[in-house]
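Notes follow the structure.
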Amino acid sequence: MKILVCVKHVPESGSVIGIDDSERWIRAEKSTTYKMNRFDAFAVEEALLIRQAFPGTRVEAVSVGPDRTAMVVKRAIGMGADNGVHMAIGDHGYLSPFTVASLIAGYAHDRHYDLILTGVMAEDDMQGMVGPMLAELLFLPCATFIIFEKISPGAETIYVEREIKGGYRDALELKLPAVLTIQGGINKPRYPSLSNMLRAKNQKLETIVARLDEQPGPREEVMRVSYPRKSRSGMVLEGSQQEKAAQLLKILRGKTLI
């Protein structure tokens with residue numbers, strides 16, 4: 014089997030970031046640090062677990078972005094991926110999910126992957142569209158928010174369970190090849206081992222210089238980015254202790270916190 018995992022680099026949550034002059038995307042500062050999108054780490058780990066169950070499986074990681082993006086591909090190799098691909102573009106700021114999906118689809122089109130995995134969403138823009146768009150461009154079946162998967166012994170189909178509201182799950186069976194978006198919590202991503210990190214450091218990535226002017230135009234655009242407004246709001250519960258407890262319970266249930 015051949016598995017492709019799509020990974021993205023995103024700013025560390027504690028990093029200082031600003032808004033660029035166009036007010037349409039963030040501006041990285043000198044002190045800004047980046048990491049692998051945490052949902053993509055679950056996708057990498059799931060690919061490695063599949064490789065354990067199906068010896069001989071090859072796991073490859075791909076990422077689209079500027080030079081600094083190569084570090085998340087190296088991170089995937091450090092976790093255990095066999096090979097890494099960096100689709101290099103300039104630092105263009107916001108990248109449309111359709112543009113990213115088009116670039117990856119162009120790369121994967123004739124490489125005959127049995128399974129393509131992505132994280133359920135990106136931490137920076139909170140979008141989860143690359144996986145479904147990629148499946149559509151490659152004419153492959155797709156399932157999202159996957160919390161469990163099991164490939165048939167002959168690797169012809171894959172049984173998956175996906176999270177839906179209310180704690181319920183959808184159960185589906187897809188023919189391979191297919192695209193899955195992996196939900197957080199499906200596994201526990203491993204830390205890169207020292208031997209794999211040394212291998213990642215010395216292993217040369219496959220670098221593809223991507224030209225955005227040769228890709229279809231984006232299907233959406235960011236109109237404006239702004240800092241969240243500071244606000245304080247509260248609610249005072251009235252009544253007896255029992256009445257206030259009942260009100261609090263209703264509020265927590267309404268927010269699906271319990």
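In our numbering, the protein residues as written are 14 to 271. Don't be surprised by glycine CBs; every beta carbon is placed ideally from N, CA and C. Given the structure is predicted, the values throughout are model-derived calculations rather than measurements.
Asked: Counted within 10 angstroms of its Cβ, other Cβ atoms place Gly144 as buried (16 or more) or exposed; Found: buried
Asked: contact_flag[the region 78-93, the region 15-26] where n(CB pairs < 8 Å) is 3 or more; Found: yes
Asked: C-beta atoms of Arg71 and Lys15 nearer than 7 Å; Found: yes
Asked: Buried/exposed call for Leu46, threshold 16 Cβ in 10 Å; Found: As written in the sequence, residue 46 is Thr, which differs from the Leu given in the question. With fewer than 16 other Cβ atoms within 10 Å, it is exposed.
Asked: Bounding residues of the alpha helix (DSSP H) (the contiguous stretch that carries Thr112); Found: Pro110 to Ala121
Asked: Residues of its chain near Arg95, where Cβ-Cβ distance is below 7 Å and the 5 sequence neighbours each way are ignored; Found: The amino acid occupying residue 95 in the given sequence is Asp; Arg does not appear at that position. Only Arg71, Val72 and Glu73 meet the Cβ criterion.
Asked: Residue burial classification, Asp53 (beta-carbon count within 10 angstroms, cutoff 16); Found: buried
Asked: Exposure of Glu59, with buried meaning 16 or more beta-carbon neighbours within 10 Å; Found: buried
Asked: Distance CB(Arg175)-CB(Phe158) smaller than 7 Å; Found: yes
Asked: Beta-carbon gap between Ala135 and Asn209 smaller than 7 Å; Found: no
Asked: Val113 vs Val98 beta-carbon contact at 7 Å; Found: no
Asked: Inter-residue spacing [alpha-carbon to alpha-carbon] between Arg40 and Val29; Found: 9 Å
Asked: Element boundaries [alpha helix (DSSP H), containing Met49]; Found: Premise fails: Met49 lies in the beta strand (DSSP E), Tyr47 to Met49, not in any alpha helix (DSSP H).
Asked: Selected residue, minimal CA-CA separation from Arg224, among His105, Leu128 and Leu189; Found: His105
Asked: For Lys188 and Glu169, the rounded distance between their alpha carbons; Found: 6 Å
Asked: Proximal residues to Ile160 (C-beta, below 6 Å), its chain only, five neighbours per side dropped; Found: Glu174, Glu176, Gln196 and Ile199
Asked: C-beta atoms of Pro110 and Leu153 nearer than 7 Å; Found: no
Asked: Close-in-space but distant-in-sequence residues of the same chain around Arg124 (CB under 8 Å, 5 per side omitted); Found: Lys15 and Leu17
Asked: Continuous alpha helix (DSSP H) assignments of at least 4 residues falling wholly in the region 69-110; Found: 83-92
Asked: Extent of the continuous alpha helix (DSSP H) to which Val143 belongs; Found: Val143 to Leu151
Asked: Cβ-based burial, Ser206 [other Cβ within 10 Å; buried from 16]; Found: exposed
Asked: Span of the alpha helix (DSSP H), counted from its first residue to its last, around Glu256; Found: Gln254 to Gly267
Asked: N-terminal and C-terminal residue of the alpha helix (DSSP H) that Arg212 is part of; Found: Leu207 to Asn215
Asked: For Leu17, the residue or residues it bridges with in DSSP; Found: Glu73 and Ile129
Asked: Where the beta strand (DSSP E) through Pro24 begins and ends; Found: His22 to Pro24
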